[in-house]
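**Q**
In full-length UniProt numbering, the protein residues as written are 1 to 288.
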């Protein structure tokens, strides 16, 4: 069981995450490294996010085009670590918008995809993002690493736990990424902006939980969290170093095959993303 990698990086106490958990316990370990935690699997997380976001936008842009400002939080970065998911989303958004602008101002023959050089191996493409894209409101929460998230991204992060979310709590601080700059230094040179809307009455488009959901070992606790999320978000994206946790039928979610854009059996692996040994599975709410 591992939230991050088995190899240490700056901010992580030991070479082995299993040793860290065994010596300190999961909660105490993240309390100790909360302000300096880094997930060295970020290259895989990044490409998993690009894969999902490309397909998601391709398939839903028609219905999201009419969403009014303040109606929807596009992304809830749950158990957000030091911001890997948020940074990947911001990078995808910036690259896609740049591609759209270039394709409409430079040459009508310009392609509608742009190669992105991943931090390892082969190239990857990002889809053009038109002006139809809704305002990219995001929220983030982590009870242990909120300081690391804010230090790395410059964005606010609530300290809600899985238990808090299960009991109905939602992050209070909403960020509009369209007013922010590029990844890794999201807050640098941020433009002045009006106060963002409250997340209290906003529907979530997707919840992304990276390298954390499998830490819930009690099936009853996992069911309760997932059911609550299914009443608030249309999509659940689980990014992990393996195929855990097991999400069962009746827990509020349908397993989704992004390639076919259709429901598939919970046990089916077709349509899952795998980049640099990082697994990404997508689920659709049965309650929204």
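Ideal Cβ placement from N, Cα and C applies to all residues, glycine included.
(1) Start and end of the alpha helix (DSSP H) containing residue 230?
(2) Among 154, 232, 42, whose alpha-carbon lies nearest the alpha-carbon of residue 73?
(3) Helix or strand or just coil, what does DSSP make of residue 85?
(4) Using only alpha-carbon positions, find the residue among 211, 238, 245, 207 that is nearest to residue 218.
(5) For the beta strand (DSSP E) holding residue 253, just list the boundary residues, first then last.
(6) For my contact list, residue 162 and residue 225 are in at a C-beta cut-off of 8 Å; report their separation, rounded to the angstrom.
(7) With distances taken from CA atoms, which of 242, 93, 285 is nearest residue 272?
(8) From residue 101 to residue 175, what does the alpha carbon distance come to, in whole angstroms?
(9) Sorted by chain position, which residues of the same chain lie with C-beta nearer than 7 Å to residue 55's C-beta, five sequence neighbours on each side aside?
(10) Report the rounded CA-to-CA distance for residue 60 versus residue 53, giving the unit in angstroms.
(11) Quick test of your reading: residue 275 and residue 48, contact by CB under 8 Å. State the CB separation rounded to the nearest angstrom.
(12) For residue 206, list the residues DSSP reports as bridge partners.
(13) Distance check for residue 42 and residue 143, CA to CA, integer angstroms please.
(14) Which residues mark the beginning and the end of the alpha helix (DSSP H) in which residue 51 is found?
(15) Alpha helix (DSSP H) containing residue 150: first to last residue?
**A** Reading off the structure:
(1) DSSP places residue 230 in the uninterrupted alpha helix (DSSP H) bounded by 219 to 230.
(2) Nearest of 154, 232, 42 to residue 73, Cα basis: 232.
(3) In the three-state scheme derived from DSSP, where H, G and I count as helix and E and B as strand, residue 85 is classed as helix.
(4) Comparing Cα-Cα distances from residue 218 to each of 211, 238, 245, 207, the minimum goes to 245.
(5) Its beta strand (DSSP E) spans residues 253 to 257.
(6) So it is a contact: roughly 5 Å between Cβ atoms.
(7) Comparing Cα-Cα distances from residue 272 to each of 242, 93, 285, the minimum goes to 242.
(8) Cα to Cα, the separation comes out at about 23 Å.
(9) Within the same chain, residue 55 has close Cβ partners 258.
(10) Near 10 Å, if we compare the C-alpha coordinates of residue 53 and residue 60.
(11) Indeed, because the Cβ distance is near 5 Å, the residues count as touching under 8 Å.
(12) Residue pairing by DSSP puts residue 206 in a beta bridge opposite 75, 235.
(13) If I take the Cα positions, the gap works out to 20 Å.
(14) From DSSP, the alpha helix (DSSP H) with residue 51 extends over 42 to 64.
(15) First-last of the alpha helix (DSSP H) with residue 150: 146 to 153.
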